[in-house]
Amino acid sequence: MCSSNNLYKNPKPCKHLADYKLKNGLCGYNLIQDCFKTTPYGRTSLEISKSDIPRCSICSGCQGRFYMCLICSSVLCCLSSESNHVLLHSQSQTGHEISVDIERAELYCSVCCDQVYDPDFDKSVMCKHVMGFSRTENGVEESELRLSKRRRLSFGMDLDIKNMKRLFFRRDQKSKSCFPLGLRGLNNLGNTCFMNSVLQVLLHAPPLRNYFLSDRHNREICRKMSSDRLCLPCDIDLMFSAVFSGDRTPYSPAQFLYSWWQHSENLATYEQQDAHEFFMSMLDRIHDKEGKSSLATKDNGDCQCIAHRAFYGLLRSDVTCASCGFTSTTHDPCMDISLDLSTCNSSPKDLASKSSKPNESLVGCLDLFTRPEKLGSDQKLYCENCQEKQDAVKQMSIKKLPLVLCFHIKRFEHSHTRKLSRKIDRHMQFPFSLDMKPYLASSIVRKRYGNRIFSFDSDESDISTEFEIFAVVTHSGMLESGHYVTYLRLRNQWYKCDDAWITEVDEEVVRASQCYLMYYVQKMLYHKSCEDVSCQPMSLRADTFVPIAGCC
2 MCSSNNLYKN PKPCKHLADY KLKNGLCGYN LIQDCFKTTP YGRTSLEISK
52 SDIPRCSICS GCQGRFYMCL ICSSVLCCLS SESNHVLLHS QSQTGHEISV
102 DIERAELYCS VCCDQVYDPD FDKSVMCKHV MGFSRTENGV EESELRLSKR
152 RRLSFGMDLD IKNMKRLFFR RDQKSKSCFP LGLRGLNNLG NTCFMNSVLQ
202 VLLHAPPLRN YFLSDRHNRE ICRKMSSDRL CLPCDIDLMF SAVFSGDRTP
252 YSPAQFLYSW WQHSENLATY EQQDAHEFFM SMLDRIHDKE GKSSLATKDN
302 GDCQCIAHRA FYGLLRSDVT CASCGFTSTT HDPCMDISLD LSTCNSSPKD
352 LASKSSKPNE SLVGCLDLFT RPEKLGSDQK LYCENCQEKQ DAVKQMSIKK
402 LPLVLCFHIK RFEHSHTRKL SRKIDRHMQF PFSLDMKPYL ASSIVRKRYG
452 NRIFSFDSDE SDISTEFEIF AVVTHSGMLE SGHYVTYLRL RNQWYKCDDA
502 WITEVDEEVV RASQCYLMYY VQKMLYHKSC EDVSCQPMSL RADTFVPIAG
552 CC
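Going by this note's numbering, the final residue of the sequence shown carries number 553, and the count climbs one at a time with no gaps.
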């Protein structure tokens, strides 16, 4: 990693927030201390009265989004751009531009009509989390909501570093193992659990870790060679420096969030986002920057940016004419594999039997993914041999396996006809070790023709098909309001990463979780990563990462 003294830079606040802090300091933050309300999921809101329904100070309405002015504590509503009493209040009262979103406990500028970030306000929210800790009989701290007799903390004071480490990085006291280097909590910056969960995966994916910790993307050189002030790989490199520095206190990825917003303006909001959509957006942004290099493409046209080298795979689609047997083959690039959870994992006999239940598993989903599927009447194939449209059978397989295999479980269903959406809460079993050989194109085609094809074009015999799981992103809660958590498998031990909190857990907890994204890495890279990452803090510049073919 490049050496730099400024390990962290906050996004510049808007002019109105800067003016507010210049005149009032942290007084407003201090006044709303008792109004913060934190849920067990870590989400913070404002509780301004005993009434469940807040009302606007101007129109007495109870609809729309509500904000509380930091100067006069007025509650104001915002229904639309035409009915915005937050803006009206700031226009009639000078200096009343900054307010707090009551539902999300986030700063809002009524003039800029956008959420604004302030690390001091972030610290205030984290103070609330700290006050919510208590000790169990086993001596392990857990987060809970205290309704009375809560110890008051000044929002202006600095949090005790040792206390923060003890609170946010906990493990079973009976365990004699130490935590691996690089395992660090990430602060929730306002409905950003979707981002934190994916970032934990990327920070510990062996190919990306080796790439950034081997100084393959140097921030100083990038800034000198590029006029682009907002470089997402530079912000990722900054995160790797901070996370692998040995510091155990939770890290706030505010600079990265700001940069990602600039590159993905359609997702620039404090609304809860989909973790899978964020993951794909991240890979696209890395490719946009790293793929511009003249050396980023091989002779065969394959992109050599770190995103493609780690996650790029190739799917094969065979569509066979049901009349003459003519087969049309296409290949499609993929960065992940999306698997259906509904009606999968059972044979027709099992589905016909009322007594048997579907054995829902990752292997069953993969069997369904590669199973021949008869296309509907509206999807008939134009057969080049028959010279007309015919009924056809489609079968998917994997032509090329990536170094890191991402499975996306389709837990969210959307019906356009009924205009309804729902979440599939069913549990799914998944193995920690996975052999992908049965799902390769060579295996599928040989099976289709009764193993009579002994030679296969571009045989995958030189590709490793054995994978080990190293990360699981889970989703709990409802479709509209849920929470993302990541389980990391480091040095054969599982860790739960719940925003700022890191906890050592047993594998039974992981197996019982509601998996949404699963990440497998080639077995060779998994065992190599266990050897490379020390559990003892060390200087970043002294880290030695042995380059692995295809990774760095």
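We put the CB at the ideal spot given by N, CA and C, even for glycine.
Among residues of its own chain, excluding the 5 on either side of residue i, which ones have a beta-carbon nearer than 7 angstroms to its beta-carbon?
| i | result |
| --- | --- |
| residue 323 | 391, 392, 393, 394 |
| residue 445 | 371, 396, 398 |
| residue 97 | 70, 72, 73, 90, 91 |
| residue 233 | 260, 261, 264, 286, 287, 290 |
| residue 440 | 367, 371, 398, 399 |
| residue 381 | 390, 391, 392, 393 |
| residue 122 | 30, 108 |
| residue 33 | 47, 101 |
| residue 193 | 258 |
| residue 279 | 195, 196, 199 |
| residue 236 | 256, 257, 260 |
Less than 6 angstroms between C-beta atoms, sequence neighbours within five positions excluded: which residues of the same chain meet that for residue i?
| i | result |
| --- | --- |
| residue 430 | 362 |
| residue 499 | 486 |
| residue 330 | 319 |
| residue 213 | 238, 241 |
| residue 59 | 86 |
| residue 88 | 111 |
| residue 508 | 495 |
| residue 185 | 244, 252 |
| residue 403 | 312, 313, 314 |
To the nearest angstrom, report how far apart residue i and residue j are at their CA atoms.
| i | j | result |
| --- | --- | --- |
| residue 364 | residue 525 | 21 angstroms |
| residue 350 | residue 517 | Low confidence applies to residue 350: its pLDDT is 45, below 50, so where it sits in the model is not reliable enough to give any reading. |
| residue 251 | residue 210 | 19 angstroms |
| residue 342 | residue 202 | 22 angstroms |
| residue 19 | residue 69 | 18 angstroms |
| residue 90 | residue 379 | 57 angstroms |
| residue 94 | residue 119 | 23 angstroms |
| residue 389 | residue 435 | 42 angstroms |
| residue 116 | residue 489 | 31 angstroms |
| residue 63 | residue 79 | 10 angstroms |
| residue 411 | residue 274 | 15 angstroms |
| residue 243 | residue 447 | 49 angstroms |
| residue 3 | residue 276 | Low per-residue confidence applies at residue 3: pLDDT is 42, beneath 50, and the placement is therefore not dependable, though the value from the model is reported in the following sentence. The straight-line gap from Cα to Cα measures roughly 29 angstroms. |
| residue 317 | residue 515 | 29 angstroms |
| residue 22 | residue 312 | 44 angstroms |
| residue 469 | residue 511 | 14 angstroms |
| residue 187 | residue 217 | 24 angstroms |
Taking DSSP as the reference, what is the three-state secondary structure of residue i?
| i | result |
| --- | --- |
| residue 525 | helix |
| residue 61 | coil |
| residue 276 | helix |
| residue 285 | helix |
| residue 331 | strand |
| residue 160 | With a pLDDT of only 38 at residue 160, under the threshold of 50, the placement of this residue in the model should not be trusted; the figure read from the coordinates follows. The answer is coil: DSSP assigns residue 160 none of H, G, I, E or B. |
| residue 326 | coil |
| residue 94 | coil |
| residue 194 | helix |
| residue 492 | coil |
| residue 188 | coil |
| residue 199 | helix |
| residue 121 | helix |
| residue 20 | helix |
| residue 213 | helix |
| residue 72 | coil |
| residue 445 | helix |
| residue 364 | helix |
| residue 31 | helix |
| residue 479 | coil |
| residue 255 | helix |
| residue 464 | coil |
With a threshold of 7 angstroms (Cβ to nearest heavy atom), would residue i be considered close to the ligand ZN?
| i | result |
| --- | --- |
| residue 387 | For the ligand ZN, the structure offers nothing, since it holds no ligand at all. |
Could one say the Cβ of residue i lies closer than 8 angstroms to chain D's Cβ atoms, at least one of them?
| i | result |
| --- | --- |
| residue 422 | Among the protein chains of the structure shown there is no chain D, as only one such chain exists. |
Within a Cβ cutoff of 8 angstroms, which residues of the same chain sit near residue i, ignoring the five residues on either side of it in sequence?
| i | result |
| --- | --- |
| residue 386 | 322, 325, 327 |
| residue 376 | 320, 382, 392, 393, 394, 395 |
| residue 16 | none |
| residue 413 | 275, 422, 423, 424, 425, 480 |
| residue 427 | 342, 361 |
**Study point:** Inter-stretch contact at 8 angstroms, needing at least 3 Cβ pairs: the stretch 279-290 / the stretch 328-341
**Key:** Segment contact: the stretch 279-290 against the stretch 328-341, three or more CB-CB distances shorter than 8 angstroms; contact assigned.
Point to revise | 3 or more residues per run - each beta strand (DSSP E) lying fully within the stretch 368-443 | key: At a cut-off of 3 residues, the continuous stretches assigned as beta strand (DSSP E) that sit fully inside the stretch 368-443 are 382-384, 389-391, 393-401, 405-411, 413-416, 421-424, 434-436.
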